[in-house]
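Contents: one structure, followed by commentary.
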Amino acid sequence: MRRMRTVFCTRAMLLLACAFAANALAQSYPSRTVRIIVPVSAGGATDVFARTLAHGLAETWRQQVIVDNRPGAGGMIGSEIVAKSVADGYTLLMAYTAHVTNPSLWTRIPYDTLRDFAPVAMVATVPGVLVVHPSLPVRSVSELIAFAKRRPHELDYASSGIGTAAHLAAVLFAQRAGLHLTHVPYKGGSPAMYELVGGQVSIMFGSLATAYHHLRSGRVRALAVTSIKRASAA
């Protein structure tokens with residue numbers, strides 16, 4: 743079932759990308775600046791992917807491609823801007839997990855996720871990582887659970903925003919482990935990670951891309967990754 747789903751998604755993306763390219767070619771696209779809306783703060787994985795993509799597209803198209811960060815409301819602020827823009831291909835959205843989960847988490851959102859957006863391409867997938875501040879005397883998930891149970895309501899965790907994959911992962915982890923943790927949401931993975939590095943929060947579920955340099959420098963400690971194989975960076 744997983745393989746069938748993967749093949750279907752890949753083909754759907756390729757067809758949509760080809761249709762978009764053919765339409766754009768007929769109109770000599772792009773003939774002016776293209777804007778990529780990033781619905782999170784600068785510095786996180788989604789932002790890095792957007793800037794890398796923008797650089798490559800600008801060189802290929804020989805046209806300016808700018809990245810516009812519009813964080814907040816679990817990605818809905820940026821998504822709404824794109825949904826209400828003219829559907830001419832000059833305002834793009836670098837969507838992430840919250841774009842898919844928001845309709846299931848909120849009774850009302852200011853756009854229709856299925857009707858107001860057309861997928862163009864899958865840009866990247868990144869494993870998640872559970873990291874803690876080095877001051878926490880734990881070096882495994884089991885040690886973290888035992889430590890948190892001895893201190894109910896004392897530990898907090900950062901996330902990239904309400905309803906994001908990081909938030910949902912932490913909620914599921916706490917529920918299954920029987921823990922009482924306090925949620926501290928931020929407008930993106932980068933500011934959340936900086937707060938963890940600074941010791942303002944104790945725990946974080948984030949992307950491996952956002953945590954990479956902090957892991958290498960020892961400013962945060964990894965306890966687990968969501969990839970099938972062990973990540974060398976963690």
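The opening residue of the sequence shown carries number 743 in this note's numbering; numbering runs sequentially from there. Ideal Cβ placement from N, Cα and C applies to all residues, glycine included.
Those residues which DSSP pairs with residue i across a bridge
i: residue 778; result: 809 and 834
i: residue 804; result: None; residue 804 has no bridge partner.
i: residue 947; result: 872
Closest Cα partner of residue i within the set the options
i: residue 876; options: 933, 960 and 924; result: 960
i: residue 980; options: 866, 954 and 809; result: Because the chain here runs from 743 to 976, residue 980 falls outside it and cannot be looked at.
i: residue 908; options: 863, 940, 797 and 948; result: 948
i: residue 899; options: 972, 826, 874 and 945; result: 945
i: residue 927; options: 916, 805, 917 and 943; result: 943
i: residue 965; options: 955, 941, 887 and 914; result: 887
i: residue 848; options: 868, 833, 861 and 815; result: 815
i: residue 870; options: 893, 861, 846 and 838; result: 838
i: residue 893; options: 905, 904, 924 and 911; result: 924
i: residue 770; options: 891, 780 and 804; result: 804
i: residue 835; options: 918, 802 and 861; result: 861
Per-residue burial, residue i [other beta carbons within 10 Å of its own, 16 or more giving buried]
i: residue 775; result: exposed
i: residue 865; result: exposed
i: residue 763; result: Residue placement at residue 763 is flagged as unreliable, the pLDDT there being 49, under the threshold of 50; the coordinate-derived value follows with that caveat. By the 10 Å Cβ count, residue 763 comes out exposed.
i: residue 938; result: buried
i: residue 879; result: exposed
i: residue 841; result: buried
i: residue 970; result: exposed
i: residue 829; result: exposed
i: residue 914; result: exposed
i: residue 883; result: exposed
i: residue 789; result: buried
i: residue 906; result: buried
i: residue 863; result: exposed
i: residue 856; result: exposed
Proximal residues to residue i (C-beta, below 6 Å), its chain only, five neighbours per side dropped
i: residue 807; result: 776, 796, 799 and 800
i: residue 813; result: 782, 783, 929 and 930
i: residue 786; result: 930, 931, 932 and 952
i: residue 895; result: 922
Close-in-space but distant-in-sequence residues of the same chain around residue i (CB under 7 Å, 5 per side omitted)
i: residue 818; result: 844, 851 and 852
i: residue 934; result: 900, 901, 902, 928, 946 and 948
i: residue 956; result: 935, 939 and 962
i: residue 968; result: 869 and 870
Test: residue i CB closer than 8 Å to a CB of chain D
i: residue 795; result: The chain labelled as chain D is not found in the depicted structure, where only one protein chain is given.
Residues near residue i by beta carbon distance below 8 Å, same chain, minus five either side
i: residue 881; result: 963 and 965
Next item on the list: Would you check if the region 784 to 794 and the region 822 to 829 touch, i.e. whether three or more CB-CB distances between them fall below 8 Å?
Entry: no
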